[in-house]
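Following: one structure in structure tokens, then a few remarks.
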Amino acid sequence: MPAPRKSETTPLTEPKIWLLTAMVILGAIFVYFWTRTPPLNDRLDPCVMNRAQKEWDHVQKEWDRVQKERDLVQEEWDHVRKEWDRDWHQHREQEEIWKRAQISHEKRTKEWDRERKAYEREKKEREHEEKEREREEDERQRHNTVWVDVEPHSCTSWATRKYTARLANVPSNYNRRIEACKATPLDVHRQSYLPHTCEDNVNGTIGTWNVNQNQPDCVTFWTDYKDKGCMSVGSGKRRIDHRLENLPPGGDWGEFSATTPVRFHGMQFSGAQKAFQSAWRVYGIWEIDDDTC
Numbered sequence: 001m002p003a004p005r006k007s008e009t010t011p012l013t014e015p016k017i018w019l020l021t022a023m024v025i026l027g028a029i030f031v032y033f034w035t036r037t038p039p040l041n042d043r044l045d046p047c048v049m050n051r052a053q054k055e056w057d058h059v060q061k062e063w064d065r066v067q068k069e070r071d072l073v074q075e076e077w078d079h080v081r082k083e084w085d086r087d088w089h090q091h092r093e094q095e096e097i098w099k100r101a102q103i104s105h106e107k108r109t110k111e112w113d114r115e116r117k118a119y120e121r122e123k124k125e126r127e128h129e130e131k132e133r134e135r136e137e138d139e140r141q142r143h144n145t146v147w148v149d150v151e152p153h154s155c156t157s158w159a160t161r162k163y164t165a166r167l168a169n170v171p172s173n174y175n176r177r178i179e180a181c182k183a184t185p186l187d188v189h190r191q192s193y194l195p196h197t198c199e200d201n202v203n204g205t206i207g208t209w210n211v212n213q214n215q216p217d218c219v220t221f222w223t224d225y226k227d228k229g230c231m232s233v234g235s236g237k238r239r240i241d242h243r244l245e246n247l248p249p250g251g252d253w254g255e256f257s258a259t260t261p262v263r264f265h266g267m268q269f270s271g272a273q274k275a276f277q278s279a280w281r282v283y284g285i286w287e288i289d290d291d292t293c
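Counting in full-length UniProt numbering, the sequence shown runs from 1 upward without gaps.
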């Protein structure tokens, strides 16, 4: 396995090293040959000439060998250079391919994002159109609905009476009866009220109201104020009693006691804190703070 190059300039320095080596070798041979050459008077001697020829042939062979080695080194360097150029071009091609792929990916991502946003926008528009159609259909269906069989019931609490009614003109295939019931008001004593509850049963769609205005028959009040004194010594509490008046027949005395307001000692109460029923009357009890107790 060939040793890895230290850098991209490594192939360029090796021929110079070989050329310098060859020059050093040739210089050494030349010096050797020069020192071994006999004086000029002996150069015409056949033995001297023969020896000189042999030495020259040796130098020539050595030069040829060095030249061949240099050619081999040059050939190897050219081969390495070509491989380096090929690798560099391949690297550049890979970079260009990667850049094109990156650009293509970014382009597809932007297209997908545009398509997703367009889909979400179309989905919202479809949902809005569907809701609008449903609303228009509800409006059309509710426009013809009306409350019939309006019936007042007993008083449920202070100044409040229960009413019921049935929703009429509801198509048999209409599946939003409860919504129509909740959205259809009922006029009681010139006031409009939406149902408190809605129920769809075999008798139809029934609405229930707890009307707390203009119900004089349901208005109870407190009379016969009595100060019962301190609850106990050191309790800090004083007991006040009132009698409940105008309780409707069949009315829940506990509910009316808890919802009938009263004001005394500069304080306002929404109802009694406690209540009890005697043989003929209903009484409310309040325990108020008193530092004298």
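The beta carbon of each residue, even a glycine, is placed where N, CA and C say it ideally should be.
None of the values given here were measured: they were computed from a predicted structure.
Counting of Cβ neighbours within 10 angstroms places P46 among the exposed residues, the total staying below 16.
By the Cβ-count criterion, W88 is exposed, with fewer than 16 other Cβ atoms from all chains shown falling within 10 Å of its own Cβ. By the neighbour-count criterion, in which 16 or more other beta carbons inside 10 Å mark a residue as buried, R81 falls on the exposed side.
About 6 Å separates the Cβ atoms of G284 and L244, confirming a contact at the 8 Å cut-off. For the stretch 204-233, the continuous beta strand (DSSP E) assignments of 3+ residues that do not extend past its boundaries occur at 204-211, 221-230, in sequence order. Each of S270, K162, V48, R100 was checked against the Cα of V188, and the nearest Cα belongs to K162. Looking at E55, E62, N50, W56, the one whose alpha-carbon comes closest to that of V24 is E62. The beta-bridge partner set that DSSP reports for Q277 consists of V282. Rounded to the nearest whole angstrom, the CA to CA distance from A101 to Q94 is 10 Å. The beta carbon of G234 is closer than 8 Å to those of C293 in its chain, skipping five residues each way along the sequence. For V80, the secondary structure class from DSSP, reduced to helix, strand or coil, is helix. In the structure shown, W158 falls within a coil segment according to DSSP collapsed to helix, strand and coil. Assignment of H189 by DSSP, reduced to helix, strand and coil, places it in the coil class. Counting along the chain, the unbroken alpha helix (DSSP H) around T259 starts and ends at 253-259. Counting only residues of its own chain and dropping the five nearest sequence neighbours on each side, T160 has a CB closer than 7 Å to the CB of N210, V211, N212, Q215, C218. A straight line joining the alpha-carbon of G266 with that of Q273 spans about 17 Å. Secondary structure note for R177: its alpha helix (DSSP H) is the uninterrupted segment 177-183.
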